[in-house]
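Line by line, the protein sequences are chains A and B.
Following the working numbering, the numbering of the first sequence begins with 348 at its first residue and continues without gaps.
Following the working numbering, the numbering of the second sequence begins with 675 at its first residue and continues without gaps.
Here is the structure we will look at.
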Amino acid sequence: MTRFSHVFFPILIMVFMIAALAGTLLLAPTERTMGDVQRIFYFHLASAAGAFVCFTCVLIASIGFILRRITVWDNLAVSAAEVGLLFATFVLITGPLWARPTWGQWWVWDPRLATTLILWFLYAGYLVLRQAMPGYRGAMAAAVFAILAYVDVPVVYFSVVWWRGIHPQVLGGGGLDPDMVTPLLISVAAFVLLSWALIRERFYLANAADNVDRIAVALEDVSSWVI
Amino acid sequence: MGDLNYLFAAFSLIWVGVLVYLIRLASLRKLLEGRIETLQDWVESREITHD
Numbered sequence: 348m349t350r351f352s353h354v355f356f357p358i359l360i361m362v363f364m365i366a367a368l369a370g371t372l373l374l375a376p377t378e379r380t381m382g383d384v385q386r387i388f389y390f391h392l393a394s395a396a397g398a399f400v401c402f403t404c405v406l407i408a409s410i411g412f413i414l415r416r417i418t419v420w421d422n423l424a425v426s427a428a429e430v431g432l433l434f435a436t437f438v439l440i441t442g443p444l445w446a447r448p449t450w451g452q453w454w455v456w457d458p459r460l461a462t463t464l465i466l467w468f469l470y471a472g473y474l475v476l477r478q479a480m481p482g483y484r485g486a487m488a489a490a491v492f493a494i495l496a497y498v499d500v501p502v503v504y505f506s507v508v509w510w511r512g513i514h515p516q517v518l519g520g521g522g523l524d525p526d527m528v529t530p531l532l533i534s535v536a537a538f539v540l541l542s543w544a545l546i547r548e549r550f551y552l553a554n555a556a557d558n559v560d561r562i563a564v565a566l567e568d569v570s571s572w573v574i
Numbered sequence: 675m676g677d678l679n680y681l682f683a684a685f686s687l688i689w690v691g692v693l694v695y696l697i698r699l700a701s702l703r704k705l706l707e708g709r710i711e712t713l714q715d716w717v718e719s720r721e722i723t724h725d
């Protein structure tokens, strides 16, 4: 397990990230109307997939915390929210960089864009709330908030179906060239693996910090008892 | 700004973001190691005092 997590797993992620880059630049065909700038799509959608995986992890961990009331679940939720926010930031950065040359504007108040921005603020708010309210009460409040915030995830996904906007519907919309599917899947796999690895490391550090806190408190108690 | 510049700007920003987050994780790890070391020193100094 240690050998897998410290040697094999980082190498696997590196291989997938290089494959994703090669697939995006070399394997994927050049889109007819947008040209090379359309290649941003492979990282834009993969970042969104990574963010959705992280936010789903936050939901599961928050439910776990409410049911079991142990800090491990809270640590997992905070770790996943932090990584999810990073990937959501990638979505909000790559989107306008793709929109400017294709739509002629950096930002349009399209339902998909607006709901994604709301999602970013919701999880940023979650982390601020968790930071501002330490301890059990803060963890419980954050868990409830995270469950409510997750409602926006399906809203982001279905916003292109429910409301008319200019953002294209890629999955289920039938607009994806078959040659684009393989590089897209490699990119999504690479970003999901990367998000998993980052959550894992952050989660390990959060648990270790909790254990050190507990040991410090216990040592102080023992020390005062001995004296 | 040419089309390729937008593409490379997007790629670069993603990699910079990942790198910044890895630095954050490394600094958190370093902080934790520092705390463990302080705790170990404290335990050792206590043992000396009580012996």
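Backbone N, C-alpha and C fix where the C-beta goes; we use that ideal spot for every residue, glycine too.
*Closer than 8 Å, CB to CB, is Asp-715 of chain B near chain A or not?*
Chain A has no Cβ within less than 8 Å of the Cβ of Asp-715 of chain B.
*Report the option in A:Arg-350, A:His-353, A:Ser-352 and A:Leu-359 whose CA atom is closest to the CA atom of Phe-538 of chain A.*
Of A:Arg-350, A:His-353, A:Ser-352 and A:Leu-359, the smallest CA-CA separation from Phe-538 of chain A is found for A:Leu-359.
*Answer with buried or exposed for Met-361 of chain A, where buried requires no fewer than 16 other C-beta atoms within 10 angstroms of its C-beta.*
Within a 10 Å sphere around the beta-carbon of Met-361 of chain A sit fewer than 16 other beta-carbons, which makes this residue exposed.
*Return the residue from the list A:Leu-545, A:Ala-555, A:Ala-556 and A:Ser-570 that minimises the CA-CA distance to Leu-401 of chain A.*
In the sequence under discussion, the amino acid at residue 401 of chain A is Cys, which differs from the Leu named in the question. Sorting A:Leu-545, A:Ala-555, A:Ala-556 and A:Ser-570 by C-alpha distance to the C-alpha of Cys-401 of chain A places A:Leu-545 at the top.
*asked:* Between which two residues does the alpha helix (DSSP H) holding Gly-431 of chain A run?
replied: Start and end: 418 to 450.
_Give me the DSSP bridge partner(s) of Gly-382 of chain A._
Paired residues: A:Glu-378.
*Listed by chain order, chain B residues near Glu-378 of chain A by CB distance under 7 Å*: None at all; the shortest Cβ gap to chain B is about 11 Å.
*For Ser-352 of chain A, the first and last residue of its enclosing alpha helix (DSSP H)*: It is not in any alpha helix (DSSP H) - Ser-352 of chain A carries neither H nor E in the DSSP assignment.
*Which residues of chain A have a Cβ atom closer than 7 Å to the Cβ of Gly-691 of chain B, listed in chain order?*
Near Gly-691 of chain B (Cβ distances below 7 Å), the residues of chain A are Leu-433, Thr-436 and Phe-437.
*Taking only beta carbons into account, state which residues of the stretch 366 to 392 of chain A come closer than 7 Å to chain B, listed in chain order.*
Hits within the stretch, in order: Gly-382, Asp-383, Val-384, Arg-386, Ile-387 and Phe-390.
*asked:* Suppose the cutoff is 8 Å on Cβ atoms and the five residues either side in sequence are ignored; what does the same chain contact list for Trp-454 of chain A look like?
replied: Within the same chain, Trp-454 of chain A has close Cβ partners Pro-443, Ala-446 and Leu-460.
*Flag this pair as touching only if the stretch 415 to 435 of chain A and the stretch 483 to 492 of chain A have three or more C-beta atom pairs under 8 Å; answer yes or no.*
Remark: three or more beta-carbon pairs, one from each stretch, lie closer than 8 Å, so the stretch 415 to 435 of chain A and the stretch 483 to 492 of chain A are flagged as touching.
*Apart from the five residues just before and just after Ile-533 of chain A, which ones in its own chain have a Cβ nearer than 6 Å to its Cβ?*
Within the same chain, Ala-366, Ala-367 and Gly-370 come within 6 Å of Ile-533 of chain A by CB-CB distance, once the 5 residues on both sides are set aside.
*For Val-535 of chain A, the nearest candidate out of A:Pro-357, A:Leu-392 and A:Val-438 (CA to CA)*: The shortest Cα separation from Val-535 of chain A among A:Pro-357, A:Leu-392 and A:Val-438 belongs to A:Leu-392.
*Using 8 Å as the threshold, is the stretch 465 to 472 of chain A in touch with the stretch 493 to 503 of chain A, meaning 3 or more CB pairs across them?*
Taking 8 Å as the limit for Cβ pairs, the verdict is that the stretch 493 to 503 of chain A does touch the stretch 465 to 472 of chain A.
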